[in-house]
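Sequential numbering of the sequence shown, starting at 48, is according to the working numbering.
All C-beta atoms in this analysis are idealised placements derived from N, C-alpha and C, irrespective of residue type, glycine included.
In this text, all values refer to a predicted model and were calculated from it rather than measured experimentally.
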Amino acid sequence: MSEGHEEPNKASDTESLLPIDEHIEEGHDADGRKVRHRGIYLLPNLFTTAALFTGLYAIINAMSGDFSNAAIAIFVAMVLDGLDGRVARLTNTQSAFGAEYDSLSDMVAFGVAPALVAFEWALSSLGKVGWMVAFIYVAGAALRLARFNTQVGKADKRFFIGLASPAAAALVAGTVWAFADFDIQGAKVSLLVALMVAAAGMLMVSNIKYYSFKDLDLRGRVPFVAILVVVLAFAVVFTDPPRILLLLFLAYAASGPVQYLLQLRRRKQPPAV
48 MSEGHEEPNK ASDTESLLPI DEHIEEGHDA DGRKVRHRGI YLLPNLFTTA ALFTGLYAII
108 NAMSGDFSNA AIAIFVAMVL DGLDGRVARL TNTQSAFGAE YDSLSDMVAF GVAPALVAFE
168 WALSSLGKVG WMVAFIYVAG AALRLARFNT QVGKADKRFF IGLASPAAAA LVAGTVWAFA
228 DFDIQGAKVS LLVALMVAAA GMLMVSNIKY YSFKDLDLRG RVPFVAILVV VLAFAVVFTD
288 PPRILLLLFL AYAASGPVQY LLQLRRRKQP PAV
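Here it is as structure tokens:
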């Protein structure tokens, strides 16, 4: 892989032997001049590829009836998805290709995979209602990602407009993992799962704001007690991962509507005299 300002018709001998066109991406240099970059950045796209693989792995496990591993795979995809963007920013390897590839990976890992896991575990017992609920979630994820891509650079980075697709996926996967870990059959809680999946899909396309945590400075110095808090948080999560993670993402999903209702209440209150 190489990055340069070469013309696309000047391919090397090695490239000419491959039945794959080289990726050429146009951009601008520091002086605002248009330049062409050949190839892609490997490091951040490795994390994106790994997230895509874990999304497929979750689908395959769900089809095989291994719902706990399917749900775990979605949480692993969340970690990998969070790393690819941060690695790209830290190493200054952001690109339009990486952004598009990340969205396609998110659609599989946080759109299709959670819906299929929930459908195979519980929603299939509801017949047509079940697959319609699954479609609501998948469509919500697709619309959420499309809207996010069009608002990059325009919206306030401190907040997401609508529930982010990884958080929605964690809500669905956490529900499946928490119940399946107790060997509870999905058909017994199918209505609850349907409400959860449909709500997650609707929250993704809502205008409710969610804190994005993007303004946290992870590179700066912090008090020593901060690392102790992190250790304690890890210890609490690992005492019962399915239930703790589900409660955490339930709280996060509920935080948006709660803040929205509080803002409506403040607006309706008459001004103090």
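In angstroms, rounded to a whole number, what distance separates the CA positions of residue i and residue j?
i	j	result
Glu54	Leu89	Per-residue confidence for Glu54 stands at a pLDDT of 44, beneath the threshold of 50, marking its modelled position as unreliable; the derived number appears in the next sentence. Rounded to the nearest angstrom, the two C-alpha atoms are 21 Å apart.
Leu292	Gly221	7 Å
Leu137	Thr95	16 Å
Arg194	Tyr184	15 Å
Asp264	Val176	44 Å
Val155	Val219	14 Å
Phe281	Gly267	21 Å
Gly174	Leu210	27 Å
Leu238	Pro304	22 Å
Ile208	Ala189	14 Å
Ala301	Pro288	20 Å
Just to confirm the assignment, what range does the alpha helix (DSSP H) spanning residue i have?
i	result
Lys175	175-197
Tyr299	288-315
Phe100	89-110
Phe166	160-168
Going by beta-carbon coordinates alone, are residue i and residue j separated by less than 8 Å?
i	j	result
Ser172	Leu99	no
Ala181	Ala162	yes
Asn92	Gly145	yes
Ala109	Glu167	yes
Asp262	Lys315	no
Arg290	Val252	no
Gly102	Ala165	no
Tyr104	Ala118	no
Tyr307	Ala214	no
Ser259	Phe226	no
Ser142	Ile87	yes
Phe114	Val223	yes
Phe285	Ala217	no
Assign residue i to buried or exposed, taking buried as 16 or more other Cβ atoms, counted over all protein chains shown, within 10 Å of its Cβ.
i	result
Asp60	For Asp60, the pLDDT reaches just 46, beneath the cut-off of 50, and the residue's location in the model is therefore unreliable, leaving the point undetermined.
Asn56	The pLDDT assigned to Asn56 is 48, lower than 50, so where the model puts this residue is not dependable, and the model offers no usable value.
Gly187	buried
Val283	exposed
Gly158	buried
Leu127	buried
Ile274	exposed
Ile231	exposed
Gly233	buried
Is there at least one Cβ from chain C nearer than 8 Å to residue i's Cβ?
i	result
Trp168	Given the protein chain composition of this structure (a single chain), no chain C is represented.
I'd like the span of the beta strand (DSSP E) that includes residue i, first residue to last.
i	result
Phe206	206-208
- Ranges of the alpha helix (DSSP H) found wholly within the region 111-157, counting only runs of at least 4: For the region 111-157, whole alpha helix (DSSP H) runs of length 4 or above, ordered along the chain, are 114-137, 143-153.
- Run through the region 223-269 for me and flag every whole alpha helix (DSSP H) of 4 or more residues, listed as ranges in chain order. Every unbroken stretch of the alpha helix (DSSP H) spanning 4 or more residues and falling wholly within the region 223-269 is given here in chain order: 237-251.
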